[in-house]
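**Student:**
There are 2 protein chains.
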Amino acid sequence: MTAPLYAKVKEHILGHIRSGAWTPGMRVPSENELVETFSISRMTANRALRELTADGFLSRVPGVGTFVKEPPARSSLVELRNIADEIATRGHRHTAHIETRETIEASAALTEEFELRLPAKLFHLVMVHSENGVPVQLEERYVNPFAAPHFNEQDFSAVTPTGYLVAAVPVDELEHTVEAVMPTPDQQALLDIGEHEPCLALHRRSWSKGHVVTVVTLTYPASRYALHSRYKTSPSGTLSQ
Amino acid sequence: MTAPLYAKVKEHILGHIRSGAWTPGMRVPSENELVETFSISRMTANRALRELTADGFLSRVPGVGTFVKEPPARSSLVELRNIADEIATRGHRHTAHIETRETIEASAALTEEFELRLPAKLFHLVMVHSENGVPVQLEERYVNPFAAPHFNEQDFSAVTPTGYLVAAVPVDELEHTVEAVMPTPDQQALLDIGEHEPCLALHRRSWSKGHVVTVVTLTYPASRYALHSRYKTSPSGTLSQ
DNA sequence: TGTATAAGGTTGTATATACAGTATAGTGAA
DNA sequence: TTCACTATACTGTATATACAACCTTATACA
Numbered sequence: 000m001t002a003p004l005y006a007k008v009k010e011h012i013l014g015h016i017r018s019g020a021w022t023p024g025m026r027v028p029s030e031n032e033l034v035e036t037f038s039i040s041r042m043t044a045n046r047a048l049r050e051l052t053a054d055g056f057l058s059r060v061p062g063v064g065t066f067v068k069e070p071p072a073r074s075s076l077v078e079l080r081n082i083a084d085e086i087a088t089r090g091h092r093h094t095a096h097i098e099t100r101e102t103i104e105a106s107a108a109l110t111e112e113f114e115l116r117l118p119a120k121l122f123h124l125v126m127v128h129s130e131n132g133v134p135v136q137l138e139e140r141y142v143n144p145f146a147a148p149h150f151n152e153q154d155f156s157a158v159t160p161t162g163y164l165v166a167a168v169p170v171d172e173l174e175h176t177v178e179a180v181m182p183t184p185d186q187q188a189l190l191d192i193g194e195h196e197p198c199l200a201l202h203r204r205s206w207s208k209g210h211v212v213t214v215v216t217l218t219y220p221a222s223r224y225a226l227h228s229r230y231k232t233s234p235s236g237t238l239s240q
Numbered sequence: 000m001t002a003p004l005y006a007k008v009k010e011h012i013l014g015h016i017r018s019g020a021w022t023p024g025m026r027v028p029s030e031n032e033l034v035e036t037f038s039i040s041r042m043t044a045n046r047a048l049r050e051l052t053a054d055g056f057l058s059r060v061p062g063v064g065t066f067v068k069e070p071p072a073r074s075s076l077v078e079l080r081n082i083a084d085e086i087a088t089r090g091h092r093h094t095a096h097i098e099t100r101e102t103i104e105a106s107a108a109l110t111e112e113f114e115l116r117l118p119a120k121l122f123h124l125v126m127v128h129s130e131n132g133v134p135v136q137l138e139e140r141y142v143n144p145f146a147a148p149h150f151n152e153q154d155f156s157a158v159t160p161t162g163y164l165v166a167a168v169p170v171d172e173l174e175h176t177v178e179a180v181m182p183t184p185d186q187q188a189l190l191d192i193g194e195h196e197p198c199l200a201l202h203r204r205s206w207s208k209g210h211v212v213t214v215v216t217l218t219y220p221a222s223r224y225a226l227h228s229r230y231k232t233s234p235s236g237t238l239s240q
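Protein chains in written order, with numbering that gives the first Met the number 0: chain A, 0 to 240; chain B, 0 to 240.
So this is what it looks like as structure tokens:
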């Protein structure tokens, strides 16, 4: 049940970085210092530092030390943005209404997506977001009650589901998949679009401390929305090939 | 100079996966079998398998074994990846052919996109990339001759345009826009898809030292490709609301 | 036949140890 | 002062060993 030692060391270091106590460029404890602090072997300290380096949080220089890395510039495309804020930023009026709200038993596919060992109960929410009265986003979301037990007690008139989850659960990992889809008849009706209007489907999973918090599919009518990002590439170059 | 042992073991396994000798679902040698084969310690074999698992190539089940993972047909969202490499990573065959190659005078729209004060000459390239003979990406690219003067002298049989530009020009800024589109008749023909098949259009501009290097639109048939990214969130939290 | 138990293979983690390579600071000699 | 050398600290890799947890299969037993 208890986490492995190397994972605890990783969490210890990540905690200092996330809290802002250890800032980019700052030196983190050497392997031998971690050995002393945690009474572990050097190989265990090495694994923690090596994995954090692979994850992009640290950089190591032989003979010198290990340092907090500059956080990479992420695009708004992949940030966890709140559609209510985006619409407000444009000076438009955001409205939303809840289409479906229930607690379900996870299907086999959902059990796998949530990385659960056994089927369990999940919150299910379907919502339509509108900009100046025009539907622009269909939100179909599943939430792990273990990660956000009070999710289903919220009324989402003032705070969107994304806004609530970001505030309630510290997300430390994200996965995005974007694809083009044709809307199902249900989706056509909810978004008020024709059957030949293509849509952008943004599928997102988010993790907190190794557990999947939520799985959501955001569907945008192509004529009303595109996803955009612009950013500086990091110095060392995240550009592969 | 010579690569570490664990890296050699990784390459050995990746080679079998890339060549197609080891297919998804197939069992790969256990740690103890690798110990025998390569005369290494179990910890070294463990590191090779563990890192390949973290990289997404393998999946491991305690008490059972290690298996080749199903490679998803996905393109990276945030990195500047080369489609030839992506296809090779899945162990498939990449082919490409040049549809159009010319030097044109920039239109008003292109002049603006390239942030030029006056219309100028631009390289124009249209290419179709195929995976195992099936078209998966239509590349429509414009290149600024000032940034990459020798671009049009390349034959892109061994190196893709993306690969050439990344190596030749230090890109320091990127802009991505993703949208869902219906293919034009020309695009339908080049990608060999029907008129009702939606496509994902990834529009990218890249800058080097303040000048636009290239503007490219990559069109993917929705049924054959999705765009994907997964990453640890940066410490202080790029998560906006 | 059906069920509990044991054995063996597999991954996961942790330790102690060793040696190589690199960068830096300090020391001593020219 | 300047240069060469040395000691030290740090990372990188590799090995041998150990134990735990998990799964499958074979075996013994009722």
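Just so it is clear, CB atoms sit at the ideal spot from N, CA and C, and this is done for glycine as well.
CA-CA distance, ARG46(B) and ALA53(B)?
**Tutor:** Spanning the two alpha carbons is a distance of roughly 10 Å.
**Student:** At 3 residues or longer, what runs of the beta strand (DSSP E) sit wholly inside the stretch 147-182 of chain B?
**Tutor:** Segments of the beta strand (DSSP E) lying fully in the stretch 147-182 of chain B: 172-180.
**Student:** Taking 9 Å as the threshold (beta carbon to beta carbon), is TYR224(B) in contact with chain A?
**Tutor:** Yes, TYR224(B) lies at the interface with chain A (some Cβ there is under 9 Å from its Cβ).
**Student:** Taking 8 Å as the threshold, find out whether the stretch 180-189 of chain B comes into contact with the stretch 100-115 of chain B through three or more Cβ pairs.
**Tutor:** Not touching, per the Cβ criterion.
**Student:** Consider the Cβ of ALA167(A): report whether some Cβ of chain B lies at a distance smaller than 9 Å.
**Tutor:** Closer than 9 Å: no.
**Student:** State the DSSP-derived secondary structure class of ILE192(A), mapped to helix, strand or coil.
**Tutor:** If DSSP states are grouped into helix, strand and coil, ILE192(A) belongs with coil.
**Student:** Of all the CB atoms in chain B, is at least one closer than 9 Å to the CB of GLU152(A)?
**Tutor:** So, not an interface residue.
**Student:** Does any C-beta atom of chain A lie closer than 9 Å to the C-beta of LYS199(B)?
**Tutor:** The sequence as given places Leu at residue 199(B); Lys does not occur at that position. Yes, its Cβ sits closer than 9 Å to a Cβ of chain A.
**Student:** Just confirm the distance between the C-beta atoms of TYR141(B) and VAL214(B), as a whole number of angstroms; I'd bet it's less than 8 Å.
**Tutor:** That pair is a contact at about 5 Å.
**Student:** Given a limit of 8 Å on CB to CB distance, which residues of the stretch 29-47 of chain A reach chain B?
**Tutor:** Within the stretch 29-47 of chain A, no residue has a Cβ that lies closer than 8 Å to any Cβ of chain B.
**Student:** According to DSSP, what are the bridge partners of TYR141(A)?
**Tutor:** Its beta-bridge partners are HIS123(A), VAL214(A).
**Student:** For a test of the three-state rule: what should DSSP assign to ILE103(A), helix, strand or coil?
**Tutor:** Three-state result, ILE103(A): strand.
**Student:** For chain A, check one thing: does any of its Cβ atoms lie closer than 9 Å to the Cβ of GLU50(B)?
**Tutor:** It does: the Cβ of GLU50(B) has a partner Cβ on chain A nearer than 9 Å.
**Student:** Taking GLU178(A) as the query, report the chain B residues whose CB atoms sit under 7 Å from its CB, ordered along the chain.
**Tutor:** Result: LEU199, ALA221, ALA225.
**Student:** Answer with buried or exposed for ARG89(B), where buried requires no fewer than 16 other C-beta atoms within 10 angstroms of its C-beta.
**Tutor:** With 16 or more other Cβ atoms within 10 Å, it is buried.
**Student:** Within 10 angstroms of its Cβ, does ALA105(B) collect 16 or more other Cβ (buried), or is it exposed?
**Tutor:** Buried.
**Student:** For a contact defined as C-beta to C-beta under 7 Å, what are the partners of MET181(A) on chain B?
**Tutor:** The contacting residues are PRO197.
**Student:** Pull the bridge partners of THR94(B) from the DSSP assignment, please.
**Tutor:** Answer is SER129(B).
**Student:** How long is the line joining the alpha carbons of GLU211(B) and THR99(B), rounded to whole angstroms?
**Tutor:** Reading the sequence as shown, one finds Val at residue 211(B) and not Glu. Looking at the two C-alpha atoms, the distance is approximately 22 Å.
**Student:** So what does DSSP say about PRO184(A), is it helix, strand or coil?
**Tutor:** If DSSP states are grouped into helix, strand and coil, PRO184(A) belongs with the helices.
**Student:** Among the candidates VAL125(A), GLU152(A), VAL135(A), whose CA atom is the shortest distance from the CA of ILE219(A)?
**Tutor:** One detail in the question is off: residue 219(A) reads as Tyr in this sequence, not Ile. Minimum Cα distance to TYR219(A) is reached at VAL135(A).
**Student:** Could you tell me the boundaries of the alpha helix (DSSP H) in which VAL8(B) lies?
**Tutor:** Looking at the DSSP string, the run of the alpha helix (DSSP H) that includes VAL8(B) is 4-18.
**Student:** Would you kindly work out how many angstroms separate the C-alpha atoms of GLY265(A) and GLY64(A), rounded to a whole number?
**Tutor:** Because chain A in this structure spans residues 0 to 240, residue 265(A) falls outside the shown range and cannot be described.
**Student:** Once the 5 residues before and after SER205(B) are set aside, which same chain residues still bring their CB inside 6 Å of it?
**Tutor:** Correct list, in chain order: VAL170, LEU173, VAL212, THR213.
**Student:** For a quick check, are the C-beta atoms of LEU4(B) and THR43(B) less than 9 Å apart?
**Tutor:** For LEU4(B) and THR43(B), yes; Cβs fall inside 9 Å.
**Student:** For THR110(B), which residues of its own chain have a beta-carbon under 6 Å away from its beta-carbon, when the five flanking residues on both sides are left out?
**Tutor:** Closer than 6 Å at the Cβ level, and outside the excluded window around THR110(B), lie PRO118.
**Student:** May I have the straight-line CA-CA distance separating LYS7(A) from ARG229(B), to the nearest angstrom?
**Tutor:** Roughly 23 Å separates the two Cα atoms.
**Student:** With a 10 Å radius around its C-beta and 16 neighbouring C-beta atoms as the bar for buried, classify HIS96(A) as buried or exposed.
**Tutor:** It is exposed - the Cβ of HIS96(A) has fewer than 16 other Cβ atoms within 10 Å.
**Student:** Can you tell me whether DSSP reads ALA87(A) as helix, strand or coil?
**Tutor:** ALA87(A) falls in the helix class under three-state DSSP.
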